[in-house]
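Structure first, commentary second.
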Amino acid sequence: FGLSSSSGCPARPHHPWQLRFSAGGRAAMAAPSDELRAALVRRALRAEGAAVEACRVAAEGSPPLAVPPPPPPLEASSRWTPDRIRVAMASIPAATAYPDLVRRAGDVLEKWYYRFPLNVWSRFVKFADSGTGRHKQLPKVVKEFNESAPILARLMEWTDQAERAGDPHCDIVDLCSGFGFLAMFASELLPVERVQNIYLVDRVWPNRNVPGSKGGGITTAHIYDHGEWPIPLLTLQVDVKKSREMRDLAKHIVRDPRPTIICGVHLCGTLSLRAIQLFNDGLSSGCGVTGLIFAPCCLPRKQHRDRKFVYEVGAHRFTAQELHDHKAKNGLNAYEVYQEHLLLCIDAPDKAREEMGALGGDDDERHRDQRNKDKNVFFFARAPYRHDGSTAGLGFDFGKPVVIDGLRLN
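So this is what it looks like as structure tokens:
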């Protein structure tokens, strides 16, 4: 940059949408849609402001237009500006529980507003597709941040404690990551000198080792195509319900000679059991697992009760029928009974269950068992760092089935 035009005005730099470099190094014009091009041009002109107008007058010798141009069509630009996003962030329960974290997240969102092109930013701020987030017409990124805030706050606390203890920098595994908002916020908010990598694990990601792989419909453009992340983000196409794929995850990621923290936001059904199992196995096999943070989303399917499923994780065993046995519940609903069992499945003495305010009830059919429950429930477990070197995890059966008995299992 620092170039000048023949008129003495600063030369305008290329914008990301204008120039794209091919593998051979030659520049080629990108071809965004007319609507996107118009929106980006307007954004660039607003940023350049008076300097652009001065150059135009000097070059053309004409005064500014007496009548301003008409405003751009609303559909060509996002109404979710950084200021409007901050107003929405101030309305969520996390703003009361974690005010400093919400303030920093607002700065992150402003950074993303200018970093990502309109077509990507629009995916962040589309209205949440279920529950109160949809009824209140909140951007999806705001709803997802509210659900991730307790995990982010605890990760910040744990990485600070690990530094004081002299532990190596850690890896974070985000199970069932979906679009990846938890990992994206973690990359921006956690100290870069304390975290090596953040892995986004989900079956919907494309397999980057398979040309043309499309996965389950989520592209990786927002992860890989628009600059580097402060802490590297790596997507992995892994189906957490499949034992073989969980064994591969343990072998190639969890066994790395670093502390590993396992996370998951709103894990549906038996996915919570899978997260606990990976933590327990990584801990007992000397793979350096030091933390587990997850939020269960809903009960295992009611078909499990009809098929008399029996679950076993760690040293605890329970049945699907117990979740719906009104006589044995002691006043608890099925979702609260499930939480009690989840806590008993965790093989670590330092464990806890906490609640924070949610946006409100969820009208999703899958989540009817905890519908209208104005809480988000989070589980936390910690363990001292212990890595057994080259023998870590060897001979250990990761990914065992969490359903060990029942009708029609095969």
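Take any residue in the sequence shown, note its place counting from 1, add 1032, and you have its number in my numbering.
Here a beta-carbon is modelled for each residue, glycine too, at the ideal position from N, C-alpha and C.
Treat the numbers as computed from the prediction; the structure is a model and nothing was measured.
Contact belief for residue i with residue j at Cβ below 8 angstroms, rounded distance in angstroms
i, j, result
"Phe-1411", "Phe-1326", "6 angstroms"
"Gly-1138", "Ile-1117", "7 angstroms"
"Arg-1376", "Ile-1294", "With the sequence shown as reference, residue 1376 is identified as Leu, and Arg is not the correct amino acid for it. Going by Cβ atoms, the distance from Leu-1376 to Ile-1294 rounds to 18 angstroms, so no, they are not a contact pair."
"Gly-1296", "Cys-1330", "Incorrect: roughly 13 angstroms between the Cβ atoms, too far for contact."
"Met-1278", "Phe-1430", "6 angstroms"
"Thr-1267", "Leu-1232", "5 angstroms"
"Asp-1435", "Val-1345", "A quick correction: the sequence has Val, not Asp, at residue 1435. With 8 angstroms as the limit, Val-1435 and Val-1345 do not qualify as a contact, their Cβ atoms being about 10 angstroms apart."
"Leu-1030", "Ala-1185", "Any answer about residue 1030 is impossible in this case: the structure gives the chain only from 1033 up to 1442."
"Asn-1408", "Met-1388", "5 angstroms"
"Ala-1415", "Thr-1322", "6 angstroms"
Counted within 10 angstroms of its Cβ, other Cβ atoms place residue i as buried (16 or more) or exposed
i, result
"Gly-1212", "buried"
"Arg-1337", "buried"
"Arg-1276", "exposed"
"Gln-1169", "exposed"
"Ser-1245", "exposed"
"Val-1242", "exposed"
"Leu-1364", "exposed"
"Val-1119", "exposed"
"Ala-1060", "Unreliable placement is indicated for Ala-1060, whose pLDDT of 38 sits below 50; the coordinate value is still reported in the next sentence. Per the 10 Å Cβ criterion, exposed."
"Pro-1131", "exposed"
"Pro-1171", "buried"
"Ala-1380", "buried"
"Ala-1253", "exposed"
"Ala-1197", "exposed"
Residue i in three-state terms, based on DSSP
i, result
"Lys-1386", "The sequence given here places Glu at residue 1386; Lys does not occur at that position. If DSSP states are grouped into helix, strand and coil, Glu-1386 belongs with the strands."
"Ile-1255", "helix"
"Leu-1331", "coil"
"Asn-1408", "strand"
"Cys-1377", "helix"
"Asp-1357", "coil"
"Thr-1302", "coil"
"Thr-1113", "coil"
"Gln-1228", "strand"
"Asp-1429", "coil"
"Arg-1240", "coil"
"Ile-1203", "Note that residue 1203 is Asp in the sequence shown here, rather than Ile. Three-state DSSP puts Asp-1203 in a strand."
"Pro-1171", "strand"
"Glu-1260", "coil"
"Phe-1159", "strand"
"Val-1434", "coil"
"Ser-1036", "Bear in mind that the predicted position of Ser-1036 carries a pLDDT of just 35, short of 50, making it too unreliable to give a figure here."
"Tyr-1145", "helix"
"Phe-1177", "helix"
"Trp-1235", "The sequence shown places Arg at residue 1235, rather than the Trp named in the question. If DSSP states are grouped into helix, strand and coil, Arg-1235 belongs with coil."
"Ala-1137", "helix"
"Phe-1341", "coil"
"Phe-1311", "helix"
Alpha-carbon to alpha-carbon, residue j and residue i
i, j, result
"Glu-1260", "Leu-1426", "35 angstroms"
"Arg-1333", "Leu-1303", "12 angstroms"
"Ala-1194", "Val-1369", "33 angstroms"
"Thr-1292", "Leu-1221", "18 angstroms"
"Ser-1109", "Val-1152", "12 angstroms"
"Glu-1386", "Pro-1182", "9 angstroms"
"Leu-1024", "Val-1205", "This structure cannot settle anything about residue 1024, because the visible part of the chain is limited to 1033 through 1442."
"Met-1188", "Pro-1223", "8 angstroms"
"His-1284", "Asp-1192", "26 angstroms"
"Glu-1372", "Ala-1126", "25 angstroms"
"Glu-1176", "Val-1157", "11 angstroms"
"Ser-1209", "Val-1173", "14 angstroms"
"Ser-1422", "Ala-1129", "42 angstroms"
"Lys-1383", "Ala-1413", "4 angstroms"
"Gly-1438", "Lys-1340", "5 angstroms"
"Lys-1274", "Lys-1432", "9 angstroms"
"Pro-1238", "Ile-1255", "12 angstroms"
"Phe-1428", "Asp-1280", "12 angstroms"
"Ala-1366", "Arg-1111", "41 angstroms"
"Ile-1122", "Lys-1359", "Position check: residue 1122 holds Ala in this sequence, whereas Ile was assumed. Cα to Cα, Ala-1122 sits roughly 43 angstroms from Lys-1359."
"Ile-1230", "Asp-1357", "40 angstroms"
"Thr-1251", "Phe-1148", "15 angstroms"
"Ala-1282", "Asp-1115", "42 angstroms"
"Asn-1312", "Leu-1305", "10 angstroms"
Test item: CB-CB of residue i and residue j under 8 angstroms
i, j, result
"Ala-1307", "Leu-1324", "yes"
"Gly-1249", "Val-1236", "yes"
"Leu-1299", "Pro-1328", "yes"
"Glu-1225", "His-1258", "no"
"Gly-1318", "Asp-1234", "no"
"Gly-1320", "Pro-1289", "yes"
"Tyr-1417", "Asp-1199", "yes"
"Thr-1113", "Tyr-1145", "yes"
"Arg-1240", "Ala-1424", "no"
"His-1180", "Leu-1150", "Residue identity check: residue 1180 is Ser in the sequence provided, not His. No, these two residues do not count as a Cβ contact at 8 angstroms."
Proximity test, residue i beta-carbon vs the ligand MN heavy atom, cut-off 7 angstroms
i, result
"Val-1236", "Inclusion of the ligand MN in the displayed structure is not the case, the ligand content being empty and no account of it being possible."
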